[in-house]
Every structure is written in structure tokens, then in C-alpha cells.
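Novice: Just so you know, we're using our numbering here: the sequence shown kicks off at 2 and counts up by one.
Where is the CB? At the ideal position from N, CA and C, for every residue including glycine.
Pasting in a structure now, in C-alpha cells, and then I'll have a few things to ask.
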Amino acid sequence: MEKKELRRSGTDKKLAGVCGGLAEYFNISSTLVRLIVVLLALAYGGGLLAYILAALIIPKAA
């Protein structure tokens, strides 16, 4: 079984590739991940902070 690693996407990105990387890791649509991040940002304000932290912590795909 292949080991999956969480990486920021280099191809499916709008800003830093975090949502694209999460979508690839969980094998779901990147649009769905982006929608969830936007809803979290609007509802709680934490979505934006979480995105920024993820962009700093998650390594970029090679």
C-alpha cells in the first residue's frame, strides 16, 4: 500500500495550494474543500487563520 503524504498542490491551486492538497489527500473535490474553508471563514473567522497556518506548515509538492 502506498503511503500518502499531505502536500500543498502545485497544480490545483488558487492561492497557496492548501485546498488542492487536502482534496488530493482525501480524494475529494477541491471545490468542496474550498467551499468548506470559505464557510468556516465566514461563520467562525477561524477558516482564514487555519488556511494561513496550513500554508505555512504543509510542505509544497515537488
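1. Would Gly22 pass as a contact of Leu7 if the rule is Cβ separation under 8 Å?
2. Between Met2 and Arg35, what straight-line distance do the alpha-carbon atoms span, to the nearest angstrom?
3. Considering only their Cβ atoms, is the gap separating Val19 from Ala44 smaller than 8 Å?
4. Which of helix, strand or coil does DSSP assign to Arg35?
5. Return yes when the Cβ of Tyr26 is within less than 8 Å of the Cβ of Lys5, no when it is not.
Specialist: So, from the data block:
1. Yes, the Cβ-Cβ distance between Gly22 and Leu7 is below 8 Å.
2. 28 Å
3. no
4. Residue state, collapsed to three classes: helix.
5. Contact: yes.
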